Every structure is written in structure tokens, then in C-alpha cells.
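To start, the structure under review is shown below, and the notes come after it.
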Amino acid sequence: MWIWEQGEWPNFTWSEADISPILRQAHFNQGLLLGKVKAQNNNEQQVSLDTLLANIVYSSAIEDEKLNAFSIRSSLANKLGISEEKPYPTSEKTDGLAEIMLDAITNLDDELTLERILNWHTLLFPEGYTLFNPVQGGVLRGDTPMQVVSGRLDRPTVHFEAPPRHVLDNELTAFITWFNQSKTNNILDPLIRAAITHLWFVTLHPLDDGNGRITRLLTDLALAQAENQSIRFYAMSVSILARRKGYYEILEQTQKGETDITAWLTWFFDTLNHTLLSTLQDIEQTVLKTNYWLRIDQTQLTAEQVKVINRLLDGDFDQGINSSQYQKVAKVSKATATRHLNTLIELGCLNKTGAGGRSTRYLINYI
91 MWIWEQGEWP NFTWSEADIS PILRQAHFNQ GLLLGKVKAQ NNNEQQVSLD TLLANIVYSS
151 AIEDEKLNAF SIRSSLANKL GISEEKPYPT SEKTDGLAEI MLDAITNLDD ELTLERILNW
211 HTLLFPEGYT LFNPVQGGVL RGDTPMQVVS GRLDRPTVHF EAPPRHVLDN ELTAFITWFN
271 QSKTNNILDP LIRAAITHLW FVTLHPLDDG NGRITRLLTD LALAQAENQS IRFYAMSVSI
331 LARRKGYYEI LEQTQKGETD ITAWLTWFFD TLNHTLLSTL QDIEQTVLKT NYWLRIDQTQ
391 LTAEQVKVIN RLLDGDFDQG INSSQYQKVA KVSKATATRH LNTLIELGCL NKTGAGGRST
451 RYLINYI
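Take any residue in the sequence shown, count from 1 to its spot, add 90: that is its number in this note's numbering.
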């Protein structure tokens, strides 16, 4: 029996004892992230633009669709009112992707409706976009059973089967009603609500294509409603893509199980925490880099020296850089590399390590 065939469906249950520690950590990391972003007092619009771009590109990559990131970035910038030095040509597709992403994280007070979901789908699949495998945007799937299969055509393995078409309308109504009503449910933790949103909608699989991307949009909407701000500064789709194999495995496992979704919630919050911690690490690295350059007089450095230092600050050389690597990165001769490195040590930009010779490496001097 699939999960939607269980008698308790869709009354999900879970073990509070099992998920409470990881859920508390997620709430803590969310608050920490928002505090770090605010403390930076940086260009929040620019950070938000980068995050939204990552969410769109990586969410599509999970479904093996490659998008033009430059075009999407320009579409997002236009809708956010951000000026770009070198705007890239946009398209109906990229403008649509930008529109649905912004709708999901900004129009938090708007009720979720089937029309809103189908509008997202229309923008996801504009007319004529997929010439070889046309998908009609804005309509629910037909009567053909919705199955996810693999293996030989004569002996397929069915990983998942969605509810049949004749019950889909009622199932969607129940989901949408729950989504709207649960927003103000003080008993249900808002992050648990986001995880249930993801699982419930992907289980219904109401569309011919794009179910995963619409599911992740709804998840972003639920997360945005839960916290109101920091969703703009992290992209959960990045971590889902990095864990794609585990993502499909836990979804399949949950589809074949009962309505106790403890395992799914654990995976979801672990992935959310991974996303938040990665973003916090990126912020720490940015702060470290900014503070480093505040104490260095760049007028004393060549363009090649600045380039190499930035590569080191970005973590491209975890063990430090040697003279040979410096030559390749800076595109200079061996003698010039030696002279540059000695100057950087004298100026306090780098530290020299190793016994000498080929084992000598140069590391960032943060002091």
C-alpha cells in the first residue's frame, strides 16, 4: 500500500523525541543566520538576489534541467529593481521563473489556491518552451496513471504511484485547505508544516511535469511564512541537489510506508540544517575576507598578487600555495613568483611554512 492508501491518510504522525533535537537546531541556525546577515549590514538585496538565483537554478538541476543562470539573474534583478552593469538578455521563461520565485517568498499573506499553483505551472512551462516533449502548463494531469518507474520496459520497477485522477481534485482541495488553515495553527511547528507541505504535495503529483519544482516552491512559501525573512538568504535546493540520491530514496521509502513520517522529517531537518550551516560558513568566510582587506594596503600590491590572495581567501588552496602554483595562477615566471611571494611576506600578507625548497607553502596571515 502506498502512503495515500493508508486509512489514516493524511493524518501524519511522528516521534517528538526523535525530531525535537534536530528541529531545535534548525530554529537556532535560522536565528543565527538572520542575526549574522543583519550584523553584516551588507547589501541585503544583492545577497537575496544571489540566493533566489541559486534556488531556481538548483531546483531545476535536481530534475536535470539546465538553465541560463545569467538570464535568470537579470530577470530577478529587473523584478527586484536592482541595476546591473551588464544585464543579460531575458526570456519569457526566465521572467516566469523569477516571478514565481518572488511570489513564493514575498506574497506571504495571499491564500494558496489551485489557480495560484496552476499559474506557477504556466510560467514554468510557457507555450512552445519544450518543443520535443511539450507540456501544457496550467492544467492538472490526465487519466493516465502517474508512476515513477525504472528498469526494463517489460519488467519495470515502480518506485512510486500517485493517487488516481478521479480522487485528485478532492485530494488537492484537502491539501490547499490544510495549508491555509495550518498557517495560523500555533500548535504545529512551522518548520514541521514546511516539511509536511513538501511531502504531501509531491505525493499527490498533480501535474504532468514540474511536480518537484512546484513542490519546492511551496516549501519555500511555507518556510517564508514560518520566518518571514531569512529564507531570502539561504537556498535549500542547493543541499537537496547535493543529496539528490538520498532525497529520492527517502521520498520512495516514505511513499511505501505508513503515515508516521519521522524518517522524512529527520531527513528534511538534517538537510535544512546543512543548508543553514553552509550559508553561515559562507558568511564567516566573507567577513574574514572583508576584515583581511581592511588592514591591507592594496596600492602596494600588483594585480597578480591580489588575484592569488583572493584565491587563498576563497579557500581554493586549503594547504596553502607553493611557488609553482603561484606561477600558474598569476601567470608569471618563476623569478617573478619568488619576488612576489617574498614581498607578500614582508608586507605581512602571507606566512611562510615548511622546511624550505619544494615543501615551502604560503598561507594567509590573518593577524
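Every residue gets a Cβ at the ideal spot worked out from N, C-alpha and C, and that includes glycine.
Quick caveat: nothing in here was measured; it's all calculated off a predicted structure.
Just mark residue 186 as buried or exposed, buried being the case when its beta carbon has 16 or more other beta carbons within 10 Å.
-> buried
By the 10 Å Cβ neighbour count, where 16 or more other Cβ atoms means buried, how is residue 125 classified, buried or exposed?
-> exposed
Given a threshold of 16 other Cβ atoms within 10 Å of its Cβ, counted over all protein chains shown, does residue 156 qualify as buried or as exposed?
-> Exposed, because fewer than 16 other Cβ atoms sit within 10 Å of the Cβ of residue 156.
Whole-angstrom C-beta distance between residue 252 and residue 295, which should lie under 8 Å = 4 Å
Would you mind working out which of 297, 217 and 358 sits nearest residue 287, comparing C-alpha positions?
-> That would be 358, whose Cα lies nearest to the Cα of residue 287.
Residue of 383, 408, 410 and 341 minimising C-alpha distance to residue 92 = 341
Within its chain, find whatever has a CB closer than 6 Å to the CB of residue 182; leave out the 5 residues flanking it on each side and keep chain order.
-> So the list reads 216, once near-sequence residues are dropped.
For the beta strand (DSSP E) that residue 250 lies in, which residues bound it at each end?
-> 246 to 251
Scan the segment 228 to 299 and note each continuous beta strand (DSSP E) run of 3 residues or more that stays entirely inside, going in chain order.
-> Unbroken beta strand (DSSP E) runs of no fewer than 3 residues, entirely contained in the segment 228 to 299, are found at 237 to 241 and 246 to 251, following chain order.
Determine contact between the segment 384 to 397 and the segment 307 to 318, defined as no fewer than three beta-carbon pairs at a distance below 8 Å.
-> Not touching, per the Cβ criterion.
Where do the N-terminal and C-terminal ends of the alpha helix (DSSP H) with residue 433 fall, by residue?
-> Taken as a continuous stretch (DSSP letters only), the alpha helix (DSSP H) holding residue 433 covers 424 to 436.
Leaving aside the five residues before and after residue 396 along the sequence, list all residues of the same chain whose C-beta is less than 8 Å from its C-beta, in chain order.
-> 388
Residue 472 versus residue 402: straight-line alpha-carbon distance, rounded | Residue 472 is absent from the model: the chain starts at 91 and stops at 457.
Residue 261 versus residue 415 - alpha carbon distance | 60 Å
Element boundaries [alpha helix (DSSP H), containing residue 93] | That residue, residue 93, is in no alpha helix (DSSP H); it is neither H nor E in DSSP.
Entirely within the segment 347 to 391 and at least 4 residues each: give me those alpha helix (DSSP H) ranges in chain order.
-> 352 to 384
Nearest CA to the CA of residue 440: which residue from 111, 386, 424 and 423?
-> 386
Look at the alpha carbon of residue 163 and the alpha carbon of residue 444, and state the distance between them as a whole number of angstroms.
-> 44 Å
Taking residue 337 as part of the alpha helix (DSSP H), name the residues at either end of that continuous run.
-> Its alpha helix (DSSP H) spans residues 334 to 345.
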